[in-house]
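Below is one structure; the comments refer to it alone.
Protein chains in written order, with the working numbering: chain S, 2 to 116; chain D, 1388 to 1503.
Spelled out as C-alpha cells, the structure:
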C-alpha cells in the first residue's frame, strides 16, 4: 500500500459527460501529480500541484482541469469526454516540489471507460 | 534531449532464475535520479528501487538490485530468484531537468512473464 488513495477505482460513462477523479496523497506529501496511461502505453504526465498551487503542466487537454485543496487532496476534472479519454488515470505524490531526486508514490489508479 | 530506452518489449523467464531488465538513458545533467516501477496486470504502479547519479554504490531492495553503470548510461534492474508474482510490466524512469520541472521521463516498459 503506497498510502495514496484514489477514487473511484472504476468509472464508466458516456461521451460528452463530465467526471471528477479524486486523490488523497500520502501523509506529509505536498506534491500531487496526475498521469494518464492509455492502453498498452506509457504514462503521460498531465499536471503537478505543490501545496495548493500548480507547479508544472504536461500534456493536459483544455477539457481537463485539476486543483489541489487546502487539505492537500486533489481532483482531476474531465469534461466533454471522448472515446479516446478512456484510460487509467494515476495520481502520485511526493514530499518535494521538484529536484532531480525523490521517488513518486502512486495510487492504484482510476480506470475510466467512455462509451 | 533526455530519453529513456528499454529495448526489451517482452521477456519470458523460468521461475527461480535471475532476470535482468535493460534500461539506458540519455541526459546531460550531472545530477539525476533513476527509478524502476512495476505494474502488475491489476494496474497499480509500484515503486521498486531508486538510484541517484552520485550514489557510489548500486541500490538494492530485497530481491531487486540496480546495476548502475554511469559511463555507459545504463541502469539495469536485476531481479534475483524470480517468482510467478514478478510477472508484470516494468518501467524505467528518470527525473528530468529543471527545464522540465524535474518531471519523470518514462521508458516504454518491458513485459516480464515468469514461467512455472
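From the three backbone atoms N, C-alpha and C, an ideal C-beta is built for every residue, glycine too.
Quick one: which chain D residues come within Cβ less than 7 Å of residue 69 (chain S)? The residue labelled residue 69 (chain S) in the question sits at position 68 within the first chain. Going along chain D, no residue has its Cβ under 7 Å from residue 69 (chain S), so there is no contact; the nearest lies around 15 Å.
Kindly list, in the order they appear in chain S, the residues whose Cβ is closer than 7 Å to that of residue 1431 (chain D). If you number the second chain from 1, residue 1431 (chain D) lands on position 44. What residue 1431 (chain D) touches in chain S: 107, 109, 110.
6 Å CB neighbourhood of residue 1400 (chain D) in its chain, flanking five on each side removed: Residue numbering aside, residue 1400 (chain D) sits at position 13 when the second chain is read from its first letter. Here the set comprises 1406, 1469, 1501.
At least one CB of chain S closer than 7 Å to the CB of residue 1493 (chain D): is that the case? Looking up residue 1493 (chain D) in the second chain gives position 106. Yes - at least one Cβ of chain S is within 7 Å of the one on residue 1493 (chain D).
Considering only residues of the same chain and omitting the five flanking positions on each side of residue 1476 (chain D), which have a CB-CB separation below 6 Å? Looking up residue 1476 (chain D) in the second chain gives position 89. Once the five neighbours on either side are set aside, the close Cβ partners of residue 1476 (chain D) are 1426, 1496, 1498.
Using a Cβ-Cβ distance cut-off of 7 Å, determine whether residue 63 (chain S) contacts chain D. Sequence index remark: in the first chain, residue 63 (chain S) carries index 62 (1-based). It does not; no Cβ of chain D falls within 7 Å.
If you draw a straight line from the alpha carbon of residue 29 (chain S) to that of residue 74 (chain S), how long is it in whole angstroms? If you number the first chain from 1, residue 29 (chain S) lands on position 28. If you number the first chain from 1, residue 74 (chain S) lands on position 73. Looking at the two C-alpha atoms, the distance is approximately 11 Å.
Considering only residues of the same chain and omitting the five flanking positions on each side of residue 1402 (chain D), which have a CB-CB separation below 8 Å? As a first step, residue 1402 (chain D) must be located in the second chain, where it is residue number 15. Taken in chain order, the residues that qualify are 1469, 1470, 1471, 1501, 1502, 1503.
Secondary structure at residue 73 (chain S), three-state DSSP: helix, strand or coil? Mapped onto the first chain, residue 73 (chain S) falls at position 72. Reduced to three states, the DSSP call for residue 73 (chain S) is coil.
I want to see whether chain S comes within less than 7 Å of residue 1445 (chain D), judged by CB atoms only; does it? Your numbering for residue 1445 (chain D) matches position 58 in the second chain. Under the 7 Å criterion on CB atoms, residue 1445 (chain D) is classed as non-interfacial with respect to chain S.
Let me see if you follow: with CB-CB separation under 7 Å, is residue 1490 (chain D) close to chain S or not? Locating residue 1490 (chain D) in the second chain gives position 103, counting from the first residue. Residue contact check for residue 1490 (chain D) against chain S: a CB pair falls below 7 Å.
What is the rounded straight-line gap between the Cα of residue 1421 (chain D) and the Cα of residue 92 (chain S)? Taking the second chain and counting its residues from 1, one reaches residue 1421 (chain D) at position 34. Taking the first chain and counting its residues from 1, one reaches residue 92 (chain S) at position 91. Approximately 20 Å, taken between the alpha carbons.
Establish whether the CB of residue 89 (chain S) and some CB of chain D are separated by less than 7 Å. Stepping through the first chain from its first residue, residue 89 (chain S) is reached at position 88. With 7 Å as the cut-off, residue 89 (chain S) counts as an interface residue toward chain D.
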